[in-house]
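Numbering (our numbering), first residue to last: 82 to 634. Where is the CB? At the ideal position from N, CA and C, for every residue including glycine. Computed from a predicted structure; not experimentally measured. Notes follow the structure.
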């Protein structure tokens, strides 16, 4: 079978698997976040942290819970890295330097998982399992909790109460993430992924030197890394490493885990707001963008000029031959259209336009289907913008899901969509203008600019993937990228929760003949167009200096 049909068959198999899981998982998560009953293990957790899970919170209290929990997570993970040298199970690795420890702590707490270190040469078993793996679970649960709070804002009326953050956090972890991640890890172990706590041992000689490997709880971290759209790899090569991703089937399984919860949350959304059709409209929008990007990526990587590429059947540089161009293209789109950031190939080696597609996926806001939770609330923000634009065109007060979109709501939505572009463009401009950051670029010209643009796009959108050509382990990049991760994660959450509180306080608006039907294909098309236009107007000049200039050269 040729590489193109093989890639298409992989895509079709993935779509079928996601379709089979969509309804049962979406229904299950709706029950999880709507139930008033607590499991026994959850009661123990609430007692341990001193939280009352039945207390309803308004948006400021909900936000304080999010921020307080995240601050504690950053401090704990920072101290764990700084003390690694004296901890058992450190494999002899030294403590992490302050700037890198700050960057890594912020990275994993914000669900970014940007890594400016070699995982197998820097982090011991304790930091990997008790620090990084734990944050893979709870950072994903925080994202889902914020999305559920926004959904409640649409579903409730005449109240500012959005639920209980601690209850949402614990349920998301215990009832959703842990069971699915456990099953996912078992599948990866069956495929050949490592799962042990062995020490460092020599495996042979390589290029005149000694080659050493250490084991670890790789499969379990790999499963939640993909399921929680985290992306941090146990090894530096991430999902291109055979210990993390051994076979073409495990590669497809990891893509499935990446997309599973973000797509299924649209079903949860539809059930919680009382209209499954609304969930299908959001799903259709996400799926249209995802399929379009996947098709475009496969085309750019399979079909381009030059006899060498044509003989090889595509651009194989930087790609694992066991996955091929098709599997690598599907993975690259899935990881950048979500907040995952895991890689099974090196995006810097993609064609110029292919590298631009990975950047554009993040620049859209990672909403197709996006991260665990962050994709849904990002898409709902764009849905509000689309309704507002439609209202302007027909001269009518915009409404969405029975709620009026007034000046307060549109201001909050506008602030949300301005945060990450400001971070990306301002910090990229500073890095290019100052003399020192440019020394970290491996390449010059348009490709070198793309390395820095990609880094700040990835950090600000909490993606975490790298262009694989930039030396980011410097004080400048560790600090500035850490700031981008913090601001890119929590400032938008402020606007999301404030918007949720504003919507929950409104009374429902009755549907009339003039109400825009937001559950129809016409609206889904409007939403896709709104997303593309807003992103294009914002980022086109920067893209023109980087991947577009390289791809058209």
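Point to revise | Cα-Cα separation, residue 104 to residue 348 | key: Residue 104 and residue 348 have their C-alpha atoms some 7 Å from each other.
Check your understanding: Which whole-angstrom value describes the C-beta separation of residue 246 and residue 110, a residue pair presumed to lie in contact below a C-beta threshold of 8 Å?
Key -> Incorrect: roughly 17 Å between the Cβ atoms, too far for contact.
Check your understanding: Exposed or buried, residue 620, counting other C-beta atoms within 10 Å across all chains shown (16 or more means buried)?
Key -> In the assembly as shown, residue 620 is a buried residue. Its beta-carbon has 16 or more other beta-carbons within 10 Å.
Point to revise | Assigned secondary structure, residue 206 (DSSP; H/G/I helix, E/B strand, else coil) | key: The answer is helix: DSSP assigns residue 206 an H, G or I state.
Review point. Helix, strand or coil: which one does DSSP assign to residue 537?
Key: Note: residue 537 maps to helix in three-state DSSP.
Check your understanding: Is residue 358 buried or exposed, if buried means 16 or more other CB atoms sit within 10 Å of its CB?
Key -> Only exposed fits residue 358, as fewer than 16 other CB atoms lie within 10 angstroms of its CB.
Practice item. Can you grab the Cα-Cα spacing for the pair residue 244 / residue 454, in whole Å? Key: Here the alpha carbons of residue 454 and residue 244 stand approximately 16 Å from one another.
Point to revise | Opening and closing residue of the alpha helix (DSSP H) in which residue 171 lies | key: For residue 171, there is no enclosing alpha helix (DSSP H), as DSSP marks it with neither H nor E.
Review point. Roughly how many angstroms separate the alpha carbons of residue 114 and residue 107, rounded to a whole number?
Key: Spanning the two alpha carbons is a distance of roughly 11 Å.
Review point. Which word fits residue 279, buried or exposed, when buried means at least 16 other C-beta atoms lie within 10 angstroms of its C-beta?
Key: So residue 279 ends up on the exposed side.
Point to revise | Residue closest to residue 506, alpha-carbon to alpha-carbon, out of 538, 477, 515 and 199 | key: Distances from the alpha-carbon of residue 506 to those of 538, 477, 515 and 199 put 538 closest.
Exercise for review: Count the other CB atoms, across all protein chains shown, that sit within 10 Å of the CB of residue 263; report buried if there are 16 or more and exposed otherwise.
Suggested key: Classification for residue 263: exposed.
Check your understanding: Using a Cβ-Cβ cut-off of 8 Å (strictly less than) and excluding sequence neighbours within five positions of residue 389, which residues of its own chain qualify?
Key -> Because the pLDDT of residue 389 is 49, which lies under 50, any placement of that residue in the model is unreliable, and the question is left without a value.
**Study point:** Cα-Cα separation, residue 361 to residue 352
**Key:** In a straight line, the C-alpha of residue 361 is about 11 Å away from that of residue 352.
Exercise for review: Just confirm the distance between the C-beta atoms of residue 129 and residue 410, as a whole number of angstroms; I'd bet it's less than 8 Å.
Suggested key: That pair is no contact at about 45 Å.
Review point. Grouping DSSP H, G and I as helix and E and B as strand, with all else coil, what is residue 91?
Key: It is helical.
Point to revise | Residue interval of the alpha helix (DSSP H) (run including residue 137) | key: First-last for residue 137: undefined, no H or E at that position.
Check your understanding: On the three-state DSSP scale, how would you describe residue 528?
Key -> In the structure shown, residue 528 sits in a helix (DSSP, three-state: H, G or I).
Practice item. Please confirm whether residue 329 and residue 403 have their CB atoms less than 8 Å apart. Key: The answer is yes: Cβ separation under 8 Å.
Check your understanding: Which one of 190, 177 and 180 has the shortest CA to CA distance from residue 150?
Key -> The shortest CA-to-CA distance from residue 150 to any of 190, 177 and 180 is the one to 190.
Check your understanding: For residue 399 versus residue 420, is the C-beta spacing smaller than 8 Å?
Key -> Judged by beta-carbon spacing, residue 420 lies beyond the 8 Å limit of residue 399, meaning their Cβ atoms are not closer than that value.
Exercise for review: Classify residue 418 as buried or exposed, calling it buried when 16 or more other Cβ atoms lie within 10 Å of its own Cβ.
Suggested key: So residue 418 counts as buried.
Review point. Can you check whether the CB of residue 606 is closer than 8 Å to the CB of residue 477?
Key: Not closer than 8 Å, so no.
Exercise for review: Could you pull the start and end residues of the alpha helix (DSSP H) that residue 468 belongs to?
Suggested key: Annotation: the continuous alpha helix (DSSP H) that includes residue 468 extends over 455–475.
Exercise for review: Rounded to whole angstroms, what's the CA-CA distance from residue 116 to residue 226? Just pull it up for me.
Suggested key: Near 14 Å, if we compare the C-alpha coordinates of residue 226 and residue 116.
Check your understanding: In the structure shown, what three-state DSSP assignment does residue 551 receive?
Key -> In the structure shown, residue 551 falls within a strand segment according to DSSP collapsed to helix, strand and coil.
**Study point:** Start-to-end residues for the alpha helix (DSSP H) that takes in residue 263
**Key:** From DSSP, the alpha helix (DSSP H) with residue 263 extends over 259–272.
Exercise for review: Mind the definition here: the region 532–550 touches the region 154–169 only if three or more C-beta pairs lie below 8 Å; say whether that holds.
Suggested key: Counting Cβ pairs under 8 Å, fewer than three are found: no touch.
Review point. So what does DSSP say about residue 281, is it helix, strand or coil?
Key: It is a strand residue.
Exercise for review: Within 10 angstroms of the Cβ of residue 633, are there 16 or more other Cβ atoms? Answer buried if so, exposed if not.
Suggested key: By the 10 Å Cβ count, residue 633 comes out exposed.
Review point. Below 8 Å between beta carbons: does that hold for residue 414 and residue 463?
Key: Taking the C-beta atoms as reference points, residue 463 is found no nearer than 8 Å to residue 414.
Practice item. Less than 8 Å between the CB atoms is what I'm expecting for residue 580 and residue 231, so what's the real figure, rounded? Key: In this structure, residue 580 and residue 231 form a Cβ contact; the two beta carbons are roughly 7 Å apart against a cut-off of 8 Å.
Point to revise | residue 118 versus 252, 564, 208 and 83, residue with shortest Cα-Cα distance | key: Residue 252 is the option with its Cα nearest to residue 118.
Exercise for review: Report all residues from its chain with a CB closer than 6 Å to the CB of residue 523; omit the five preceding and five following residues, and keep chain order.
Suggested key: Same-chain partners within the cutoff: 550.
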